[in-house]
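Visitor: First, the structure itself, so that you have it in front of you.
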Amino acid sequence: MVTPLLPAHMRDVTVTRQGKQVLGPVDLTLGRSGFTILLGPNGAGKTTFLKALHGLERLSTGSVTWSAPDEVARMKQAYVFQSPVMLRRSVRANLGYPLAILGQPKAQVNDAVEAWATRIGLTAALDRPATGLSGGEKQKLALARALIRDPEILLLDEPCSNLDGRSVKDIEALLTAAHQAGTRIVMATHDLGQARRLATEILFLFKGHIHEAGPVPDAFDAPQTPEFKSFLNGDILI
């Protein structure tokens, strides 16, 4: 029997750096389905939250517990950074890498690579160095590389930052398709329009704390805290 990864539980999670608490305490249960958007001003703790959830951040207190054993949990989740990390290899090698390290047959890897290259519009670039791609192409490649092994949950940190409108539209289409196919998504963004387009629920972080959590459109239509209301109004929060 396959053990589902979700729900996940964050209990009394805090992260402290140089004597300053930058996250928490956070107590949160992440359900099995949905598209969660993290909102908040710069320095609110969004990236730290994502890294803590994924296991990339050392916790000062508390715990993150998945419904599956830790070794299974690591295999069932994927993370895409704001600045995409490219292996110094071809686009083909970058796309196939996650499947290759899982030991999948070469023919199966090649079929998956060809299919995903078509989906992200990089078929003609498969044998080019990935480091030579444009910013939008790199981010689409990073997203495809995360999705190619069908993770149960996908974590993304500002994946559309500094991209042109066409690239943003392409990435949103990929994320929407992944969500509709059953992938649980948690994504940080500064773009309120993007949040309204994609989110099924909102987490609003400010000064390391979750100030608001709720479903869309309720969270946008009736904010419960003055901080979130100010954020939606475009005010500067200090």
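If you count the sequence shown from 1, position 62 lands on 62 in the numbering used here, and the numbers rise without skipping. Don't be surprised by glycine CBs; every beta carbon is placed ideally from N, CA and C. None of the values given here were measured: they were computed from a predicted structure.
Arg197 to Ala144, Cα distance in whole Å?
Guide: Taking the sequence shown and counting its residues from 1, one reaches residue 197 at position 197. Taking the sequence shown and counting its residues from 1, one reaches residue 144 at position 144. Each residue's alpha carbon lies about 21 Å from the other.
Visitor: Counting pairs of beta carbons, one from the segment 36-46 and one from the segment 101-119, are three or more of them closer than 8 Å?
Guide: The segment 36-46 is not in contact with the segment 101-119.
Visitor: Quick one, which of Leu6, His9, Thr48 has its alpha-carbon nearest Lys207's?
Guide: Mapped onto the sequence shown, residue 207 falls at position 207. Residue Thr48 is the option with its Cα nearest to Lys207.
Visitor: Please list the segments of the beta strand (DSSP E) lying wholly inside the segment 156-234, counting only runs of 3 or more residues, in order along the chain.
Guide: Taking only runs of at least 3 residues, the beta strand (DSSP E) segments lying wholly in the segment 156-234 are 184-188, 201-206, 209-215.
Visitor: Check for me: the alpha helix (DSSP H) holding Met10 runs from which residue to which?
Guide: Walking along the sequence shown from the start, residue 10 turns up at place 10. Note, Met10: premise wrong, no alpha helix (DSSP H); beta strand (DSSP E) at 8-17.
Visitor: Pull up the CB-CB distance for Ala78 and Leu87, whole angstroms please, since I reckon it's below 8 Å.
Guide: The sequence position of residue 78 within the sequence shown is 78, counting from 1. The sequence position of residue 87 within the sequence shown is 87, counting from 1. With a Cβ gap of about 15 Å, Ala78 and Leu87 do not count as contacting.
Visitor: Can you tell me the Cα-Cα spacing of Phe81 and Cys160, whole angstroms?
Guide: On the sequence shown, residue 81 is found 81 positions in, with the first residue counted as 1. On the sequence shown, residue 160 is found 160 positions in, with the first residue counted as 1. About 10 Å.
Visitor: With H, G and I counted as helix, E and B as strand and the rest as coil, what does DSSP make of Lys20?
Guide: Here residue 20 is taken as the residue at index 20 of the sequence shown, counted from 1. The answer is strand: DSSP assigns Lys20 an E or B state.
Visitor: Could you give the distance in angstroms between the alpha-carbon of Val91 and the alpha-carbon of Ser167?
Guide: Walking along the sequence shown from the start, residue 91 turns up at place 91. Walking along the sequence shown from the start, residue 167 turns up at place 167. In a straight line, the C-alpha of Val91 is about 17 Å away from that of Ser167.
Visitor: Are Pro7 and Gly31 closer than 8 Å when you measure CB to CB?
Guide: As a first step, residue 7 is located in the sequence shown; it is residue number 7 there, counting from the start. As a first step, residue 31 is located in the sequence shown; it is residue number 31 there, counting from the start. Cβ distance < 8 Å, so Pro7 and Gly31 count as in contact.
Visitor: For Ser33 and Lys140, what's the separation of their Cα atoms in angstroms?
Guide: Locating residue 33 in the sequence shown gives position 33, counting from the first residue. Locating residue 140 in the sequence shown gives position 140, counting from the first residue. For Ser33 and Lys140, the distance between alpha carbons rounds to 23 Å.
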